[in-house]
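First the structure, in the form of structure tokens, and then the observations on it.
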Amino acid sequence: MTDPVFLITSLVAVGSAVAAVTRRNPVYAAVWLLICFLSFAVILLQMAAPFLAAIHVLVYTGAILVLFVFVIMLLNLKDDELGEEYGTGVWAAASALSLGLFGLMAWPILADPKLSAPLPELPADFGSVEAVGRVLFVEYGLPFELVSLLIVVAMFGAMVLAKKRLWA
Amino acid sequence: MSELPLLSLLIWIPALTALVLAAVPGFTEQFVKVGALAASLVVFALSLVLLFSFHAPATGLAFVEDHAWIEFFHVRYALGIDGIALSMIVLTALIQPMAIVASWNAIHDRASGFFIALLVLEAGMMGVFVASDLFLFYTFWEVMLIPMALLIGIWGGPRRVYASIKFVLYTMAGSLLMFIAILYGYWAVKTATGTGSFDIATWAQVLPTHVSPYAQMWLFAAFGLSFAIKVPLFPFHTWLPDAHVEAPTAGSVILAGVLLKMGTYGFLRFAIPFFPAGAVALTPLILALAAIGIVYGSLMSMTQTDIKKLIAYSSVAHLGFVMLGLFSGTLIAAQGAVMQMVNHGISTGALFLLVGVIYERTHTRGTKDFGGLARVMPVYATLFLIVTLSSIGLPGTNGFVGEFLILLGTFQRYPIAAFVGAIGVVLGAVYMLTLYRNVFYGPGRPSQKNLKDVTPVELMVLVPLVVLIFVLGLQPNLMLSLTEAPVAKVVQVLVPGEDLNVTAGALPPSAAPAEEHAAEAPAATEGGEAPATPAAEGAATDGAPPQEVTP
Amino acid sequence: MTPYLLLSAALFSIGTFGVIARRNILIMLMALELMLNGANIALVAFARMHAAANPDGTSTAAIGQVFVLVVMAVAAGEVAVGLAIVISLWRTRRTVDTNDLQMLNG
Amino acid sequence: MSSLLWLIPALPLFGFLINGTVGKRLPKPLVGAIAIAGPAIGFILAIFAFLQVHEGAGALATYASWISTGPLKVGAGLQVDALSAVMVLNVTGVGSLIHLYSYGYMVDDAGFARFMAYLNLFMTSMLILVMGDSLPLLFVGWEGVGLCSYLLIGFWFDDLANVDAGRKAFIVNRVGDFAFLMGMFALFALAGTLGYSGLEAALGHADTAAVLTAGPFAGFTVGSVLTFAAASLFIGATGKSAQIPLYIWLPDAMAGPTPVSALIHAATMVTAGVYMVGRLDFVFIQAPAVLTAMVLVASATALLSGAIAFSQNDIKKVLAYSTVSQLGFMFAGMATTFWASGLFHVLTHAFFKALLFLGAGAVIHALHHEQDIRKMGGLRKDLPLVFGVFLIGSLALAGVPPFAGFWSKDEILGNVLYTALEGGNPIWFLSFGMLVLTALMTAFYTTRLVVLTFFGEPADPNRHPHTPPWQMMVPLYVLAVLSVVGGFALASPLEHFTEPVWSHLHVNEEMFHHAHQVALATSLVAVVLGIGSAWWLYSSGRARLEAFVDGPGHLIHKLSLNKFYVDEIYEWTVVKPTQFGADLLFWLVDRLLIDRIVVEGSGQLALALGAILRRGQTGALSIGTFAITGGTLAVLGVLLYLGVAHV
């Protein structure tokens, strides 16, 4: 059932994720992350969430990743300032731990028959902007407002923290 | 008279007075002292009113008051007393004014706080004795702890902080266990009767039957540990000497006079009636600890160089006697134990007051620091001698009646425990007389030549205690008749099925064949009510009713 | 749906690995983002599973997708603050290595 | 008459209260009068009671309730039957004489009022002891006299030695009282009551073989319980009446003023044990084993203390050991179940021993508190009257006929021999032998005492002793008359008077007379030998004495002088270990075990645990993240195991 497109994109996603995580230099890591996020967008499309895919590209890749790159450039880390990394022993333990985590999560997913049941056929405008928008603004208006509030707070916080001389 | 809520007054007069004295800043120290004394005297008067108007109802408690308090948990502000509680209340009410008078000019820094703490302490103590609702009892049990800790902690001697922390931690450890047991009990009552309740009477009816013997043992152990620490029973006693040595005179008097009785009172009122199976199961252990405690306490007293510590260890021995009496399962011993609780309050209270007297004058308390005081302070020496005799249980004093009844009663069921306990009687004489010899006899120290004898105020405090020593010594029935019924009820729980008024195994008074005795019964006897004619039937009514002895 | 969930589990684990094994704060933050995205995919997957048309023709509540939106908003806020902290840290301590930052011990 | 009974103990009590409180401010004669009035009036009342009892009126009793709770009913009644009538007469009679004597002896002492008050308190306690109608009441008197002896021995409390002697007396008595209590409890367990009448009714003719089914002695036979009770009571008696092993306090009790020694440690208190055995005759008679043990202990005590008295140089110590020895005789008399003989010796001993002590007091008083007989001598000329009475007393003590001592001692020897012949038990023969040897030794040390004190030339010539005042001499004369007359006059009437009170065994008449003839002969020989050898050794100056002491008798003399080191043995086997044990226990158990380890230990434990955990908080981020992930992993695993595995 796994159609080839999904296979390729998920492989790309996983590969880039692993690469992003293991690069020593944050710039390379950021680039791999970019590839990973793009592959996410494709996957989202496949899951009948066109609006989300767009938003993902816009917000995640466009804003958050850019912010990352921007900060990396700002810090302008030289090679020595990157700080050393843990020894291979720690890495081995960490990877074992995460593999264990993956195994624990994968086991119920595979074991549960309902998950692999055939998907119901899609209503026409399932992932469309109009459907998501209706739900977002009608049923979840309040959470929407609260989230906006959260973002404003985050904005202030970031400014306060990062400003060089606040009380000049 | 009965419509007046006497028992509530007992608690709230000292409590409210303390509040008023503390709240209004303007009062002078003298006013606070007078206020405290007045409150305690009023409470004493009330306790006498209670004593004389007390007639034990057939069942349940006297002077009952019952108001709702915390509806949700069925906690009620319920009060009620029986003979035992009454005797404890009178003892507390008696010792309180004495402690206040004794520390009239002994306390200098923050004196008003001292007297207010004393009043709060009295309120707490009264609360414990009158409460007939377990939750209320536990609240007062904890309330009582705070002022006592303050008394030792603030106005105590050099190591007062250590002593007061030890005192608090020791007692807290025990009472927390008890709290868990109370909760369990509440739940057990709730499941058994549908509605939860903290009323002691219902607990006493419901718990023995609805809780498995195994659980009862653990619950009894929980309650028992908390009370054993308070008694103090043998291994849990190390807080007492430190607390006594560091406490001010008034603190020691009340600590020894009343607080120690909380433990034994707790056993009598709560632990035994609620968990009889547990009580019966742990009786051998407690008897062993009590007997060891008696000998151990006496031995410890022999090695002490500080008088207060010596008296503290002697308290361990005396209360070892009380525990022996309580758990030996005979009415005589239990009655002796309850009486010994009061006696110990009087004699040890008086001892601490006496130590206070010489401590005020010389500011030393070592057994070796004195000499030849009998010449210098004859009246003081006589008072100290009388109280010492009461402490070692000389016949004619109250101490003897208590110890005699305990040992006689214990012998009827546990001869070995009585045997070990009786050793305490001998050791008691050793350390008390050694103390008396070191302090009062001998050539005397030049520095102590001009010590003035007891002042009228001190006499006013000590003489009533001495009078009580002889009154209870010569006429113990005054108190014994008061506590006979409630004590019998408790002892019956320990030995279900036995008739308490029969001395098990006693021989029937065989008709004394008169051939050898020329003159048989004495002539008609005048005076007194039941003539002790030795004729067969006379002895029968007097002693044990005939009981077949299998040849 | 299982492949999508497997993918999200994989991403989540890789993100975890990143957080644990790396000492550089920036990489850790990126790994964090990965974990969040892993979660998003799972959400969308479930939304897709339960997608069904309502009688009045509108599609059922793609709540999952709305939820992803919220997650994204939160993630954005979090990254902003995170990076601000990184900058101020860099300015005061001149380091991005988490091992040097042990002031909270004791 | 019964209603007045309570007056007898009450009068001295009033005397005590008056003298005790305001005595110091009253003039001395008034204090003296008050003090003497108590026992004197008591004596008169006692005579009335005696007469009434004598006319067959049986016991007079009043009843009051003291302690009553549950099955225990302890009365506070007084009763005077034949036995206690005799004892009351003895106590009040000799007591009054000694009070009169004390007036003379102590009048110029600073604490005179206090002394007389204590004497009165002693009289009250002793009278309660002999007149009480139940064992607890006897115990009240029992410990009351113990208290008074403590107060009176340590009367001159400026000198700590006296105080220690008093404390020793009280504690040793307390050890005896401990055993007494055990005996009392056993009796209560058996009879359910503690009044004499109740006890006698229940135990008088108990079936000793019956096995008890309930109570503390379940499974034991009644006889064995009776034996246990009798043994404990006897040990109690050894405490009070100074027998082995609890006699060590009596010689030290001589630290008290001499009238105290006379009243308490010769005439009255020490005989309390004998009275108790006499009062509980129905218990002892059913415990033959205890009786045998009693005679053995009694005669051993008599012999041992007799030997020690040999070499003592303090006049009062000699008399003290002699008292212990005579007490041995009394208990031996009691052990033969011929109770009257024991009581008879109590009476005669009260007469001549009080006389000797008061005589010694007169000597000490005259020589300004000189007590060492080696420094005395030739007082015959200086104090003729005192010498006269002292001689009578000595002859009575030695057992020279027709003086009082001879009759009672011979009676006892006869009874012991009869019981030995009747029972055929070797212990009784051994006891008889020891008693005869003691009789010889008594004669010896009495003569030695008289010779060294009154004969020979005075040690330091410039001393001129003055005859004591009349208050001291009158009692001496009365007691002297009693010591002479007391023997033959009281022998048979006493036996008939007290016969109804006691239970007796069957007596084999002709064996009884045969035994008494033999005993008479042996005791006479012993007395003559004793006096002769003492006279021969001591009368002619010191030469022969030194020869004997340096020669063969050196070791025995040294042993006897140091009281066979019994005190030291007790010190090392009992007192020191208890002291050391107490200290060890205090440091080991109280301080170390409970305080350090358990109490503070738990505190340290908490701190230690905290320290270990603290090391975990390094602040490094990796540790934190690892922990979190590990935690989630674990939780996930558990949930999955629970969830998935069971679904």
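Chains as they are written, first to last, in the working numbering: chain A, 541 to 708; chain B, -6 to 544; chain C, 25 to 130; chain D, 14 to 660. Where is the CB? At the ideal position from N, CA and C, for every residue including glycine.
Rounding to the nearest angstrom, what Cα-Cα distance links residue i and residue j in this structure?
i: alanine 511(B); j: glycine 291(D); result: Only weak support exists for where alanine 511(B) lies, its pLDDT of 34 falling under 50; the value from the coordinates is given anyway. Whole-angstrom Cα-Cα distance: 17 Å.
i: proline 527(B); j: phenylalanine 510(D); result: Per-residue confidence for proline 527(B) stands at a pLDDT of 34, beneath the threshold of 50, marking its modelled position as unreliable; no derived number is given.
i: serine 556(A); j: glycine 616(D); result: 56 Å
i: arginine 103(B); j: alanine 142(B); result: 16 Å
i: valine 105(C); j: leucine 50(C); result: 13 Å
i: valine 460(B); j: proline 229(D); result: 37 Å
i: leucine 473(B); j: glycine 318(B); result: 14 Å
i: valine 542(B); j: leucine 170(B); result: Legend: pLDDT at valine 542(B) = 36, less than 50; position of this residue unreliable, no value from coordinates given.
Does chain A have any CB closer than 7 Å to the CB of residue i?
i: leucine 653(D); result: yes
i: leucine 634(D); result: no
i: leucine 56(C); result: no
i: glutamine 89(C); result: yes
i: alanine 34(C); result: yes
Among the options, which residue has its Cα nearest to the Cα of residue i?
i: lysine 576(D); options: Lys330(D), Thr281(D), His509(D), Pro471(D); result: Lys330(D)
i: proline 479(B); options: Phe37(B), Gly256(B), Ala78(B); result: Ala78(B)
i: valine 185(D); options: Leu261(B), Ile416(B), Phe128(B); result: Ile416(B)
i: isoleucine 298(D); options: Gly286(D), Pro258(D), His218(D), Ile261(D); result: His218(D)
i: glycine 232(D); options: Gly252(D), Phe29(D), Glu213(D), Leu203(D); result: Leu203(D)
i: aspartate 603(D); options: Val25(B), Ala281(B), Thr296(B); result: Thr296(B)
i: glycine 643(D); options: Leu644(A), Ala593(A), Pro544(A); result: Leu644(A)
Short check: CB of residue i to CB of residue j, under 7 Å?
i: isoleucine 399(B); j: alanine 326(B); result: yes
i: methionine 210(B); j: glycine 286(B); result: no
i: leucine 110(D); j: valine 538(D); result: no
i: phenylalanine 247(D); j: methionine 289(D); result: no
i: alanine 63(C); j: glycine 39(C); result: no
i: glycine 146(B); j: serine 157(B); result: yes
i: proline 90(B); j: alanine 110(B); result: no
i: valine 103(C); j: isoleucine 604(A); result: yes
i: glycine 101(C); j: isoleucine 595(A); result: no
Please confirm whether residue i has its beta-carbon closer than 7 Å to some beta-carbon of chain B.
i: alanine 302(D); result: no
i: glycine 291(D); result: no
i: arginine 461(D); result: no
i: leucine 6(D); result: The first residue shown for chain D is 14 and the last is 660, placing residue 6(D) beyond what the model contains.
Report yes or no: is there a C-beta of chain D within less than 7 Å of the C-beta of residue i?
i: arginine 430(B); result: yes
i: threonine 119(C); result: no
i: alanine 557(A); result: no
i: glutamine 328(B); result: yes
i: glutamine 333(B); result: no
i: proline 653(A); result: no
i: phenylalanine 404(B); result: yes
Taking 7 Å as the CB-CB cut-off, is residue i touching chain C?
i: proline 566(A); result: yes
i: leucine 646(D); result: no
What are the residues of the segment 579 to 610 of chain D that lie near chain C, defined by any Cβ-Cβ distance shorter than 9 Å?
-> Per Cβ criterion, the list is empty.
Going along the segment 629 to 640 of chain A in order, which residues come within less than 9 Å of chain D, judged by CB to CB distance?
-> Answer set for the segment 629 to 640 of chain A: Val630, Ala633, Ala634, Leu637, Ser638, Gly640.
Which residues, taken in chain order from the segment 68 to 84 of chain B, show a beta carbon closer than 9 Å to some beta carbon of chain D?
-> Residues passing the 9 Å Cβ filter: none.
Using a Cβ-Cβ cut-off of less than 7 Å, give me the residues of the segment 409 to 426 of chain D that come near chain B, in sequence order.
-> Answer set for the segment 409 to 426 of chain D: empty.
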